[in-house]
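Once you know that position 65 of the sequence shown is 65 in full-length UniProt numbering, the rest is easy, because the numbers rise by one and skip nothing. Beta carbons: idealized from backbone N, C-alpha and C, even for Gly. In what follows, a structure is listed as C-alpha cells, so that the remarks can point back to it.
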Amino acid sequence: MTKTVLITGCSTGLGRLAARHFAARGWNVVATMRRPETTLADEFPDRVAVTALDVADPDSIRSAIEAGTDRFGGIDTVVNNAGVTMLSIFEATPEHAARRIFETNLFGAMNVIRAALPALRTRGGGTIVNVSSGVGYAAVPLLSLYVASKHALEGLSESLSYELESQNVRIKLVEPGAMRDTAFTASGMAASQEAPVPDGYRAYFDHALTAMLDYPFASTEESAVADTIWRAANDASRRLRYPVGPDVEEYARLRWTTSEDDYLAAMSRLTGQDAWRNATGAR
Ligand code: NAP
C-alpha cells in the first residue's frame, strides 16, 4: 500500500525539499503551509496535495488531516518540520517573541501530534518525525529561546516514544546541523531586530556571533537532512535520534560519549567562550 506523509512548513527550505524527496520515492504527500501555493502539487499531480496548515491553529490542522485522509485514504507519517528561530540576548528578548518561538516549535508540534494521533491509530500505527536540531541537546550562545524550544521538543519526543509504543506509533528526532545561508538564517536574523542588543552586552554579542560564524564545521547539506527524514520515517526500529551534519555529529559525540566536564570544556572552546574569558578575565 502506498504510504502517506503529512509535512508541516513546506513553503520553503527543508519542508519543501522533504516533500519532493518523499514524492520522488513513491509516497503520497500532504504538503502543508500557511499560505498554500500550487507549484509543488504541479510537480507531482498524482502524489502531492498542498493544504493550508498553521501549526498555531488547531482548526487548520484538523482540516489538513481530513483533506489528506479524503485524498489518500489515511495518514501514516507526520513530519513536524515548521520552525522559527531568533538570534538575541535573552534579557532583551520581548515575551511575545519568546512565545512565538515556543508556539511554533513546541506547542505547534504538540498541536499537530494531538490531532494526528487518532488518524495514525486508525491505520494501526505510524511514525512521527520531529525536526529538532543539534542544539536540541547541545546549547550554544545567542539562541537561548530556540535552544530551549528544541530541548523541550526533545524531552517531549523521548517521553512520548515510550507512551506511544503502546499505540504502535514510533517517534523519531531528526537533528540537523547548521545549514548556512538559508531562509531560516535570514528570518532568524530579521527577528533579532525585535531585540536590540543592550550596550552592556554589545562586546560579548559581537564576540559570540563572530565565534559562531567561525565554527570549524562545513554547512549541513539540506539534501542530507531531507534524506535522513525519509530514512527515519522508514526505520521501524526503536531508534530515537538521527543527528545529521558535521557539527551535530561532533556535538552528539561530546554530549553522549564524554563526561559533563569534558563536554562543557569542548563547547566552551567551540563557542569562543574560552577566548572571551581569556580576553576579559571573566571567571
Ligand atoms: P525555513 O526555510 O525558514 O522554513 C521554515 C518553515 O516553517 C517555513 O515553511 C515557514 O512557513 C514554516 N512555519 C513557520 N511558522 C509556521 C507556522 N506557525 N505554521 C506553519 N508553518 C510555519 O527553515 P528550514 O531550515 O527549512 O527549517 C525547517 C526545520 O529545520 C525547523 O524546524 C528548524 O528549526 C530546523 N533546523 C534548521 C536548521 C537550519 O540551519 N536551517 C538547523 C537545524 C534545524 P512560512 O513561509 O509561512 O513562514
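Sheet register partners of residue i (DSSP bridge)
{"i": "ILE171", "result": "ILE128"}
{"i": "THR85", "result": "Note: THR85 sits in no beta bridge, so no partner."}
{"i": "LEU17", "result": "According to DSSP, LEU17 bridges with nothing at all."}
{"i": "ARG71", "result": "BP columns for ARG71 are empty, so no partner."}
{"i": "ASN80", "result": "ASN130"}
{"i": "ARG6", "result": "Per the sequence presented here, residue 6 reads as Leu, with Arg not at that position. According to DSSP, LEU6 bridges with VAL30 and VAL78."}
{"i": "ALA52", "result": "MET33"}
{"i": "ARG241", "result": "LEU173"}
Contact check, residue i vs residue j, beta carbons under 7 Å
{"i": "ALA195", "j": "SER268", "result": "no"}
{"i": "THR4", "j": "ASN28", "result": "yes"}
{"i": "GLU154", "j": "GLY136", "result": "yes"}
{"i": "VAL129", "j": "ALA233", "result": "yes"}
{"i": "ILE75", "j": "VAL112", "result": "no"}
{"i": "LEU40", "j": "VAL48", "result": "yes"}
{"i": "GLY134", "j": "TYR242", "result": "no"}
{"i": "THR51", "j": "GLY126", "result": "no"}
{"i": "ALA119", "j": "GLY9", "result": "no"}
{"i": "residue 303", "j": "ARG255", "result": "This structure gives no information on residue 303, because the portion of the chain shown stretches from 1 to 283."}
{"i": "SER149", "j": "LEU106", "result": "yes"}
{"i": "LEU6", "j": "GLY68", "result": "yes"}
{"i": "LEU114", "j": "GLN167", "result": "Checking the sequence shown, residue 114 turns out to be Arg, not Leu. No, the pair does not count as a contact, with Cβ atoms beyond the cut-off."}
Coarse secondary structure for residue i, derived from DSSP in three states
{"i": "ASN234", "result": "coil"}
{"i": "MET189", "result": "helix"}
{"i": "ARG47", "result": "coil"}
{"i": "VAL248", "result": "helix"}
{"i": "ILE61", "result": "helix"}
{"i": "PRO176", "result": "strand"}
{"i": "ALA152", "result": "helix"}
{"i": "residue 371", "result": "Since the first and last residues shown for the chain are 1 and 283, residue 371 lies out of range."}
{"i": "PRO118", "result": "helix"}
{"i": "VAL197", "result": "coil"}
{"i": "LEU106", "result": "helix"}
{"i": "VAL140", "result": "coil"}
{"i": "GLU260", "result": "helix"}
{"i": "THR280", "result": "helix"}
{"i": "ALA203", "result": "helix"}
{"i": "ASP274", "result": "helix"}
{"i": "GLU221", "result": "coil"}
Contacting residues, own chain, Cβ-Cβ under 6 Å from residue i (five flanking each side not counted)
{"i": "ARG20", "result": "none"}
{"i": "THR228", "result": "VAL174, TYR242 and VAL244"}
{"i": "VAL140", "result": "THR271"}
{"i": "TYR201", "result": "ILE89"}
{"i": "ASP199", "result": "none"}
Cβ neighbours of residue i in the same chain (closer than 7 Å, five flanking residues each side left out)
{"i": "LEU160", "result": "ILE171"}
{"i": "HIS207", "result": "GLY272 and TRP276"}
{"i": "ARG71", "result": "ALA49"}
beta-carbon residue i near ligand 2 non-hydrogen atom, thresh 6 Å
{"i": "ALA152", "result": "Judged by which ligands are present, ligand 2 is missing from the structure shown, whose ligands are ligand 1."}
Sequence-distant residues of the same chain with beta carbon closer than 8 Å to residue i, five excluded per side
{"i": "TRP230", "result": "ALA18, HIS21, PHE22 and ARG25"}
{"i": "PHE90", "result": "SER144 and LEU145"}
{"i": "MET110", "result": "LEU156"}
{"i": "ASP247", "result": "GLY134, GLY177, ALA178, TYR215, PHE217 and THR220"}
{"i": "ARG16", "result": "CYS10, ALA31 and LEU40"}
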